[in-house]
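Numbered by our numbering, the letters in the sequence shown go through residues 5 to 255 in order.
Ideal Cβ placement from N, Cα and C applies to all residues, glycine included.
As the structure is a computational prediction, the values presented were derived from the model and not from experiment.
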Amino acid sequence: PLQFEMWVHNSSTLKCFDLEKAFNSSNSIKKAFFASFWKIFFFISNYNLYMLRFFSSKILFVIFLTQNLFGDKIPELHEYIDSNAQYFLTVIKEEGSNYDDNPEEFKERLKNIWEPMVDVKVVSRLILSSKIYASATQTQKKMFEKRTKKLLLDTYVSTLLEFDNYQIVTDENIKVNKKTFEVSVSFFSDSDSFVTKLTVYKNNLGQYRIINIIVDGINLGLIFRNQFQDAYLENNSDLDIAIESWKPTTL
């Protein structure tokens, strides 16, 4: 009997111990489950937030790219560039035979079409660089503007003279930058084509003026700037000699 009672007592203790252990184990499982649940929940929330930000940025990028790709329609700017470009090409086609008789006079006639469209003062300042421009006298600035106008128009006109058998299409979709506009003019023939990009800004009088020209990927403004900076350094930073020695660029 004594042995039996001890067994019963021990069995009860064992049962209580097992129940307590099971209860504690159950609580641990619950705690582990809820801890895992919240970790998964926060992970999914953070992941969804990250993906939302990621896709939002991509959507905004696509919208921005689309706007740049198609550009804006600015009828008055398109008409301004297109009418002068078409007239320029018409003069070359109809009066091109005069070039052989008097090339300089014919080139001058063509330059007169583009000259009012170009802001030579702004172009000159961009080529000189702000440091040189700030230290130049008014006489030197005027002399440089005159030289810039001659070189820029000579180069552009001489280049386009070769394309008398081309047609012109001015893109209606104009790329709008912070302070400037980019107008693309396509020249094409039966066998070839190239694009001229004109960088245009609107002055204080509300007039559109060209400040840079890129012919078939060749940036005239950048070439002129680099070329002049070389001439300036080669002449020991003597601005007068650098201006005089600055030669036209051939494309």
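Between Ser-188 and Asp-196, the C-beta spacing is not below 8 Å.
Distance between Phe-148 and Lys-135, taken at the CA atoms: about 15 Å. Distance from the CA of Ala-138 to the CA of Leu-132, rounded to the nearest whole angstrom, comes to 9 Å.
DSSP places Asp-76 within a strand segment (E or B) once states are collapsed to three. In the three-state reduction of the DSSP assignment, Gln-171 falls in the strand class, which pools E and B.
The beta strand (DSSP E) runs of length 3 or more contained entirely in the stretch 83-161 do not exist; there are none. The stretch 231-251 and the stretch 195-215 do not touch, with fewer than 3 CB-CB distances between them shorter than 8 Å. With respect to Val-127, Leu-156 sits close: the two C-beta atoms are nearer than 8 Å. Annotation: the continuous beta strand (DSSP E) that includes Glu-186 extends over 185-192. Counting only residues of its own chain and dropping the five nearest sequence neighbours on each side, Tyr-205 has a CB closer than 8 Å to the CB of Asp-123, Val-126, Lys-183, Thr-184, Phe-185, Tyr-212, Arg-213 and Ile-215.
In this chain, Asn-230 is not harboured by any beta strand (DSSP E); it is covered by the alpha helix (DSSP H) spanning 224-238. For the pair Ile-85 and Leu-202, the CB atoms are nearer than the 8 Å cut-off. Straight-line spacing of the CA atoms in Gln-231 and Val-199 works out to 23 Å. Note: Thr-203 is bridge-paired with Glu-186 and Asn-216 in the DSSP secondary-structure output. By the Cβ neighbour-count rule, Tyr-236 is buried, with 16 or more other Cβ atoms within 10 Å of its own. In the three-state reduction of the DSSP assignment, Ser-249 falls in the helix class.
Judged by DSSP secondary structure, Asn-177 falls within the beta strand (DSSP E) whose first and last residues are 177-180. Separation of Phe-167 and Asp-105 (C-alpha to C-alpha, rounded to the nearest whole angstrom) is 19 Å. Under DSSP, Ser-195 forms no beta bridge with any residue.
Spatial neighbours of Arg-151 in its own chain (CB-CB distance under 7 Å, excluding positions within 5 residues in sequence) are listed in chain order as Ile-247 and Trp-250.
A Cβ-Cβ contact shorter than 8 Å links Gln-144 with Asp-244.
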